[in-house]
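Just below is one structure, and these are the notes that go with it.
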Amino acid sequence: MFEYCTDPDVLSTFEWFSCYLTNGKHLLFYKSFGLIILLLFITAPLAALLGLLAAVAIKSKFLLLRLFSKAYANIVRGIPDIIFFLFIPITIDQLIEFTRHKIKCPEIVDSVWQGSDFVVCGAAKLPLNSDPQWIHDIYGFLLAVFSFTIVYGAFAANTFYGAMNSVPQSQIETGKSFGMSRKQIYTSIIFPQMWRYALPGLSNLWMLLIKSTPLLFLLGIQDVVYWARELGGSKTSIFQYPHPDWRVWYFLSLLVFYLLLTKISELILNRISKKIYVPI
Amino acid sequence: MICNATIEDYALRSIGIGEKLLPKSDITLCDQFVLIGSGVIWNLYFCIIALAFGFIFAILTAIIRFNKYRFLSKAIDIYVFIFRGSPLFIQFFCAYEIFVLLPKIGFDINLLFTTITVETSWLTKAWLGAVLVLFLNTTAYSSEIFYGALKSIPKHDIEAAEAFGLSTRRKYRKIIIPTMLRNSWSSYTNEAIFLFHATTLVFFSSFPAWRQSGDALYYASYFADKTFNPFVPYPIIAVYFISITLLIILIFKIINVYFTKHLPKERKMPIKLFTNMVR
């Protein structure tokens, strides 16, 4: 980054650190913090949307839809989220590749599961082996977004379901007696009022979501945890910036980052909840 | 399907009893069921120890904060903020790295009939280090739950107790702590469930599984890697977790009945699950 960084061995402590903390790998480390913010801002609206749909489905007239959405909301919450983060990406991956395999290589009749291997023809791989790295990265990130959405959608469904039931029954009955259709009752009575009842639950969910973002690491994404382990591990003198095992400092800095993130979120959410009258 | 042989070999594999090698090829449904079930022992161990100690210390810290002992309350506030504001996953990493850096020394503790040597290196093992982190984590969350419940105890209940001339000790034992537990039991049930779910993180953060003795998720992902088929091990572990979650709910409901048996029906509070997500 700086001109004097060409030979780190002769630098003073301060200069050494200024060079060390701005080298290429550290810049990637800093970028991975952005990745977490990006994940949060993509996942939160998607999960809220999925949760809203599921909550409406739980209250629907159709038995099958009702049972399915109830099962979704309850089963997902009964299982640790980390199991889903391990299960969903590999499942989606196999489903897509299996389908593509059937379409693109119909001439291969062998089973895809051969003993302990999952074999699809080269053209069915997603992303293709020949694709550049960034496509692999984006594909992995999308799988992560999908997994987070499924898990937090179930929590949001529960919150919205509770919030919809908190809207005073008398208002809904009034709507009915005015001859409003089911759709009208939802759009003009339940949805506009539901938010204030849902706000405490949604704030909690946002905190929950923030605190589960380090699990991105388990999805094989080069996130903050990956870089903290990578950069913190002890470096011998063959490296440009040799240092002993500094992982503890990297993880403590992650701790501080998350504390800041949750604290700022808490302040903002408190402000919002003060502005919106929460009737509980 | 008869699993007797597999049960003999692998039922206690996670605590080091039984067959040394994990099944590598020809993995049967039996193997998966028994070995993942064996891993559940670890999850239960982490959960029960952390929850038991956490319960006691959470009540103590909540009372200290309620009484506003100046420095002690401030220190507990900071501790609760750190553990509630950061992800457990990162806490595991931090704690493990700190434990590794600790000087390797042993202390002799002289019990009356025998001497045991307590070593700091035990902290780098999951059975102590991970339990310590989980304990600190659940204490922080539960302390906040109980502190909130303490603040909402009606003032006149406490004043009535004082007017009757109850000693401080009896006031806490008979009035304050029972009311606190009753009011927060719903949230505390959720905390227990979340803690049980969080135990799956242990072997996926830094703590190494010594001699491949891991928890349920460790074995489930082992099978998923080996067979490349996620559709068997993950549903199995899901079944285990849902059953134990239901068992936890049942136990906490029974305790709730005991807590509220003297109350008239309309004041009994049912446990609301997953509504008050504190994590």
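Going down the list, the protein sequences come from chains A and B. Position in the first sequence (from 1) plus 57 gives the number in our numbering. Position in the second sequence (from 1) plus 47 gives the number in our numbering. Glycine is no exception: its CB is placed at the ideal position from the N, C-alpha and C atoms.
DSSP state of residue i, grouped into three classes?
{"i": "valine 377 of chain B", "result": "For residue 377 of chain B there is no data in the structure shown, the boundaries of chain B being 48 and 326."}
{"i": "histidine 244 of chain B", "result": "helix"}
{"i": "aspartate 155 of chain B", "result": "strand"}
{"i": "asparagine 323 of chain B", "result": "Caution applies to asparagine 323 of chain B, whose pLDDT of 47 falls short of 50 and renders its modelled position unreliable; the model cannot decide the point."}
{"i": "histidine 309 of chain B", "result": "coil"}
{"i": "lysine 14 of chain A", "result": "Because residue 14 of chain A is not part of the residues shown, which for chain A are 58 to 337, the question remains open."}
{"i": "glutamate 323 of chain A", "result": "helix"}
{"i": "valine 165 of chain B", "result": "strand"}
{"i": "phenylalanine 175 of chain A", "result": "strand"}
Considering only their Cβ atoms, is the gap separating residue j from residue i smaller than 7 Å?
{"i": "isoleucine 83 of chain B", "j": "isoleucine 291 of chain B", "result": "no"}
{"i": "methionine 227 of chain B", "j": "alanine 267 of chain B", "result": "no"}
{"i": "arginine 176 of chain B", "j": "leucine 183 of chain B", "result": "Rather than arginine, the amino acid found at residue 176 of chain B in this sequence is glycine. Not a contact, by the Cβ cut-off of 7 Å."}
{"i": "phenylalanine 308 of chain A", "j": "phenylalanine 128 of chain B", "result": "no"}
{"i": "glycine 101 of chain B", "j": "threonine 236 of chain B", "result": "no"}
{"i": "glutamate 144 of chain B", "j": "arginine 304 of chain A", "result": "yes"}
{"i": "glutamate 154 of chain A", "j": "leucine 121 of chain A", "result": "no"}
{"i": "tryptophan 284 of chain A", "j": "phenylalanine 86 of chain A", "result": "yes"}
{"i": "alanine 213 of chain A", "j": "alanine 104 of chain A", "result": "yes"}
{"i": "aspartate 272 of chain B", "j": "asparagine 90 of chain B", "result": "no"}
{"i": "proline 277 of chain B", "j": "glutamine 79 of chain B", "result": "no"}
{"i": "arginine 134 of chain A", "j": "alanine 211 of chain A", "result": "yes"}
{"i": "proline 271 of chain A", "j": "phenylalanine 136 of chain B", "result": "yes"}
{"i": "tyrosine 305 of chain B", "j": "glutamate 238 of chain B", "result": "no"}
{"i": "valine 208 of chain A", "j": "aspartate 280 of chain A", "result": "no"}
{"i": "valine 180 of chain B", "j": "phenylalanine 93 of chain B", "result": "no"}
{"i": "valine 87 of chain B", "j": "tyrosine 57 of chain B", "result": "no"}
Can you have a look at residue i and say buried or exposed, based on whether 16 or more other CB atoms are within 10 angstroms of its CB?
{"i": "lysine 82 of chain A", "result": "exposed"}
{"i": "arginine 131 of chain B", "result": "buried"}
{"i": "asparagine 327 of chain A", "result": "exposed"}
{"i": "isoleucine 223 of chain B", "result": "buried"}
{"i": "histidine 309 of chain B", "result": "exposed"}
{"i": "valine 165 of chain B", "result": "exposed"}
{"i": "phenylalanine 302 of chain A", "result": "Here the sequence assigns aspartate to residue 302 of chain A, which means phenylalanine is not the residue at that position. By the neighbour-count rule (16 or more Cβ atoms within 10 Å), aspartate 302 of chain A is not buried but exposed."}
{"i": "glycine 91 of chain A", "result": "exposed"}
{"i": "alanine 99 of chain B", "result": "exposed"}
{"i": "threonine 319 of chain A", "result": "buried"}
{"i": "alanine 52 of chain B", "result": "exposed"}
{"i": "isoleucine 329 of chain A", "result": "exposed"}
{"i": "tyrosine 315 of chain A", "result": "buried"}
{"i": "asparagine 303 of chain B", "result": "buried"}
{"i": "tryptophan 232 of chain B", "result": "buried"}
{"i": "threonine 70 of chain A", "result": "exposed"}
Is it the case that the region 147-160 of chain A contacts the region 241-258 of chain A, given that we only count it when at least three CB pairs across the two stretches are under 8 Å? no
Short-range partners of chain D found in the region 228-253 of chain B, where Cβ spacing is below 7 Å: The question asks about chain D, but that chain is absent: this structure's protein chains are A and B.
Ignoring anything shorter than 4 residues or poking outside the region 75-154 of chain A, list the alpha helix (DSSP H) runs there in chain order. 81-115 and 120-135
Go through the region 86-158 of chain B residue by residue and report every complete run of the alpha helix (DSSP H) that reaches 4 residues or more, in order. 117-132 and 135-148
Does the pairing of the region 201-211 of chain B with the region 235-251 of chain B give three or more beta-carbon distances under 8 Å? no
Which whole runs of the alpha helix (DSSP H) in the region 213-243 of chain A are 4 residues long or more, in chain order? 226-234 and 239-242
Ranges of the alpha helix (DSSP H) found wholly within the region 246-292 of chain B, counting only runs of at least 4: 263-274
For the region 233-248 of chain A against the region 122-130 of chain A, do three or more pairs of beta-carbon atoms, one drawn from each stretch, fall closer than 8 Å, so that the two count as touching? no
For the pair the region 67-80 of chain B and the region 209-218 of chain B, tell me if three or more CB-CB distances fall below 8 Å. no
Can you find at least 3 beta carbon pairs, one from the region 301-316 of chain A and one from the region 102-109 of chain A, that sit closer than 8 Å? no
Contact between the region 219-229 of chain A and the region 151-162 of chain A (3+ Cβ pairs under 8 Å): no
Given 8 Å as the limit, is there contact between the region 260-277 of chain A and the region 201-213 of chain A, that is, 3 or more CB pairs closer than that? yes
Are the region 106-126 of chain B and the region 297-307 of chain B touching by the rule of at least three beta carbon pairs closer than 8 Å? no
At least three beta-carbon pairs within less than 8 Å, the region 260-269 of chain A to the region 289-302 of chain A: no
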